[in-house]
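Peer 1: Take this structure, written in structure tokens, and hold onto it; I'll ask about it next.
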Amino acid sequence: MITLSIILLAGWLLGGLLALQFRPAGDWPTGDTEALPPAAWLFGALALGLALLGWLALTLAELGHFAWPWLAGGWLAAVLALGLRRHTRLTLRHLHTTWHWPPPGRDHLEYLLLAGWLVAAGWLFFRPHQAIQGAADAGVYVNMAANIAHTGSILYDDPSVANLDPNLYAVFLRPRQPGEGTGYYLFPGFNVADDLPASQVIPDFYPLHPVWQAVAYQLGGVMAALRMPGLWALLGCLAVYLALRQASSWPVAMLGLAGMSLNALQVWFARYPVTETLTQFLLWTSLWAYGAWLSRRRAAPLWGLLAGLTLGQLLLVRIDTLFMLALPLLTAAGWLLAKLPGRGPKAWRLLGWYLLPVALLTLQGGLHAIFLSAPYATRVFDYARRTITRLDPTAALLMLAGLLVIVVGLLIIRFARSAGQPRPGSRSWGQRWANYRRPILASLTLLVLTLTFYGWFLRPALGQTGSYTDWYGGGTIIVSDHENLVRLGWYLSPLGVWLGAAGICLLLWRANRRTVAILGTGLFFALLYLWRIQNNPHQIYAMRRYVPAVMPFFVFAGAYFVGWLWPLAARWPRPGHAQTLLRLAIAGLAALWLAGFAWSARGFVSQVDYPTLVQDLAALNNQLGPEAVLIFNDQAAVSLGDVLGTPLHYLHGQTALTLRNPAGISDTDLASTLRQWQRAGHTVYWIGDPAFLDRQQWAYSSQTVLIPAHFLETPYDHKPTAINELWWTVNLHKLAP
């Protein structure tokens, strides 16, 4: 936890000093200049600093110069440059009045509750699954992070590939399917460049998440890297809290914070080292800051900068977040169409604070796809193309029509009330369209309720389970997209789904500048992933699709709906027992809603997958000695060499190869290859069936190492409850010289 504290302190100091450079008064000519609460300023400063630190670390890794001294030097230079500015010193002298700190007495309860939540969240989120094994996304990220920390670069030259005869690629490397960017991979997620002789390895995935893990790895080792998703989950919860507070009130936001923290998906993926919680943090920070910027909160340029930075960084975490570019494009279009009061240089500069970082980071993401992650980008875009071409034309038209209605409706909601004064005798387009606001909102509300009813009751009954052959794993994948909403209910509870749907309808009806981006984003991703989950749908892994946007959106909407109900009791026409009963009923509904989350999370809070894998693999590595060569004799599609060889290679520096195609090499040539490694000073281990060694009459010593693998089951047809207790058996044969 010391490593995470260092990261938080560094980010907060950098972001805080930068935030001080922005004038506390808004730059908008008219409108609300209300100051944000102290918690929002503190969180905004932290998020801004982390965004800048993450960008610097990523850029260093892209340039091949990632190392903590370079990162610390860049951070120190920025801190000194900002801290020595006269504006900073003057602002610090007036910190009490400028930043509204300490909070007023009535707000003390909020901060006490937040402090208590931090303790509970620490216990929930910072017990990581030690998923460092290869052949799965989580382990690929961790091993990619370790490699960045060791080599200082995303792309790197691998000696085990460089020293391999190109004629042996088909023997020790797995050939890819045509059109996947490269011909072979060394391990799943680590592609071998096609240039001959090959030595460069091109990792899969977009890099910001493993770069952050690499920062933690350099400072605190692999366990620190495994705790990074917990940090992002904690900050993601706070971002949703602030967005809900901005849309409603802090008690409602506290209710949403409790719902988020109790949710099984939030807890599970806080412990699982994939990108979802980082995506959630960046997405909801951007949506919250966008609402503050658009609603003209104090220091609006600061919130525009934060919204743009965090949105742009989404494109460096996940390639499928390109959809989010619709938000800045629609914002720019609306800015051009709306007749804002006094639109002039200040208004355009304000727009630039948001759009410029989005544009620059989008450009960086595009260049990364072309030059540093071409195989991965090729496969993703090819998958998107095939998905679109297989789409039923009627379904495609209905989806496009629905999205068009949503986009037009939200644009109208956004700009109908912000139109400027019309010329005498005329009306602005916003005022003309305002006449249609209620019918549009009623239509959207009816559409949401209809889709929820269809997804919960009709689609599961009418749809059919499909399947496809998985080239990578060599098996058959069961597809049950018609049950997607019901399966989301496994983790939200039925009440959570329907209360969320009611809240979405209410948000549509009361849409404003603080919620319009949340509505558009939440509805889009809910429609996209509830229609088709776009993932291998085994549980609980498949639910990762809902963690960044959909699950928080349902929690946000459900809490918002309960918060809307509470004031109704105060307006009850006859105060007395009936009013008290109404308040008790609303409180009971909120308690039942939270209880549904807690009940659905049973078994997920207590379970930690692979609880000893880090130390077990370290113990195995200690038995091998330095500079060993491990040959895994395993021809499975996903071999033991993929699973254990990946961390032994990237975390412990051993050369690990899998004999994937023994028919491609004669016994004599294979024996000659093994002896070449021995002559180069390596200790060679044969892992698996030693029949080849016996045929060659090769002397060897043997031992069996058992590595426990305790993890939650991964079913396709039900919510996981059972714990798998398996053992990886490593039959280790040390070859005599």
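Numbering (the numbering used here), first residue to last: 9 to 745.
Think of the CB as a built atom: it goes at the ideal place given N, C-alpha and C, for glycine as much as any other residue.
Pull up the DSSP beta-bridge partners for Q711, would you.
Peer 2: DSSP lists L740 as partners of Q711.
Peer 1: Measure the Cβ-Cβ separation of P281 and L323 and say whether it is below 7 angstroms.
Peer 2: No, Cβ-Cβ distance for P281 and L323 is not below 7 angstroms.
Peer 1: Can we say the region 504-518 touches the region 453-461, given the rule of at least three CB pairs closer than 8 angstroms?
Peer 2: Short answer: they touch.
Peer 1: F389: which of Q542, A65, H217 and K354 sits nearest, CA to CA?
Peer 2: Measuring from the Cα of F389, the nearest candidate turns out to be Q542.
Peer 1: So, A636 versus T722, is the Cβ gap smaller than 7 angstroms?
Peer 2: Not a contact, by the Cβ cut-off of 7 angstroms.
Peer 1: So, are the CB atoms of F133 and L242 less than 7 angstroms apart?
Peer 2: Cβ atoms of F133 and L242: closer than 7 angstroms.
Peer 1: Given a threshold of 16 other Cβ atoms within 10 Å of its Cβ, counted over all protein chains shown, does Y499 qualify as buried or as exposed?
Peer 2: Buried.
Peer 1: Kindly indicate which three-state DSSP category E733 falls into: helix, strand or coil?
Peer 2: If DSSP states are grouped into helix, strand and coil, E733 belongs with the strands.
Peer 1: Only counting the same chain, and skipping five residues up and downstream in sequence, which positions put a Cβ closer than 8 angstroms to that of Y362?
Peer 2: Within the same chain, Y362 has close Cβ partners Y298, W301, G312, L313, A315, G316, P336 and T339.
Peer 1: Please tell me whether G504 and G604 are closer than 7 angstroms, where the distance is taken between their beta carbons.
Peer 2: Yes; because the gap between Cβ atoms is below 7 angstroms, this pair is in contact.
Peer 1: Alpha carbon to alpha carbon, what distance is there between I10 and Q226?
Peer 2: The straight-line gap from Cα to Cα measures roughly 13 angstroms.
Peer 1: I'd like to check one pair, L50 with L90: are the Cβ atoms closer than 7 angstroms?
Peer 2: Taking 7 angstroms as the Cβ cut-off, L90 and L50 do not qualify as a contacting pair.
Peer 1: Below 8 angstroms on the Cβ atoms is my guess for L665 versus S168; work out the distance and round it to an integer in Å.
Peer 2: At roughly 6 angstroms, the Cβ-Cβ gap stays under 8 angstroms, so L665 and S168 are in contact.
Peer 1: With DSSP as the reference, label A144 as helix, strand or coil.
Peer 2: Note: A144 maps to coil in three-state DSSP.
Peer 1: By the 10 Å Cβ neighbour count, where 16 or more other Cβ atoms means buried, how is A599 classified, buried or exposed?
Peer 2: A599 comes out exposed.
Peer 1: Whole angstroms is fine: what's the gap from D166's alpha carbon to L701's?
Peer 2: For D166 and L701, the distance between alpha carbons rounds to 27 angstroms.
Peer 1: For N629, does the three-state DSSP call read helix, strand or coil?
Peer 2: The answer is helix: DSSP assigns N629 an H, G or I state.
Peer 1: Indicate the three-state DSSP secondary structure (helix, strand or coil) for L720 in the structure shown.
Peer 2: Here L720 sits in strand by DSSP.
Peer 1: Could you check which residue in A157, L176, A129 and L84 has the C-alpha nearest to that of S680?
Peer 2: The candidate whose alpha carbon is nearest that of S680 is L176.
Peer 1: Quick check: M262 and C245, are their CB atoms within less than 7 angstroms of each other?
Peer 2: It is not a contact, given that the beta carbons lie outside the stated cut-off.
Peer 1: Indicate whether A449 and L516 have their beta-carbon atoms separated by less than 7 angstroms.
Peer 2: What sits at residue 449 in the sequence shown is Leu, not Ala. Contact flag set, yes.
Peer 1: Please go through the region 504-589 and give each complete alpha helix (DSSP H) segment of 4 or more residues, from N-terminal end onward.
Peer 2: Fully enclosed alpha helix (DSSP H) runs of 4 or longer: 524-539 and 558-578.
Peer 1: Label T285 either buried or exposed according to how many other C-beta atoms from any shown protein chain fall within 10 Å of its C-beta, with 16 as the threshold for buried.
Peer 2: So T285 ends up on the buried side.
Peer 1: Sort out for me which residues DSSP pairs W752 with in a bridge.
Peer 2: Nothing about residue 752 can be reported from this structure: the residues present for the chain run from 9 to 745 only.
Peer 1: Ordered along the chain, which non-local residues of its own chain (more than five positions away) have a Cβ less than 6 angstroms from that of S501?
Peer 2: Result list for S501: G604 and S608, in chain order.
Peer 1: To the nearest whole angstrom, what separates the beta carbons of F30 and L310, a pair I think is in contact under 8 angstroms?
Peer 2: With 8 angstroms as the limit, F30 and L310 qualify as a contact, their Cβ atoms being about 4 angstroms apart.
Peer 1: Under 7 angstroms between the Cβ atoms of N151 and T654?
Peer 2: Yes, Cβ-Cβ distance for N151 and T654 is below 7 angstroms.
Peer 1: For the beta strand (DSSP E) that contains N199, what are its first and last residues?
Peer 2: Element bounds for N199: F198 to V200.
Peer 1: Taking the beta carbon of F561 as the centre, do at least 16 other beta carbons fall within 10 Å, making it buried, or is it exposed?
Peer 2: Result: buried.
Peer 1: Tell me whether T663, by its Cβ, gets closer than 6 angstroms to a heavy atom of the ligand HEM.
Peer 2: Absence of the ligand HEM is noted for the structure shown, with no ligands found whatsoever.
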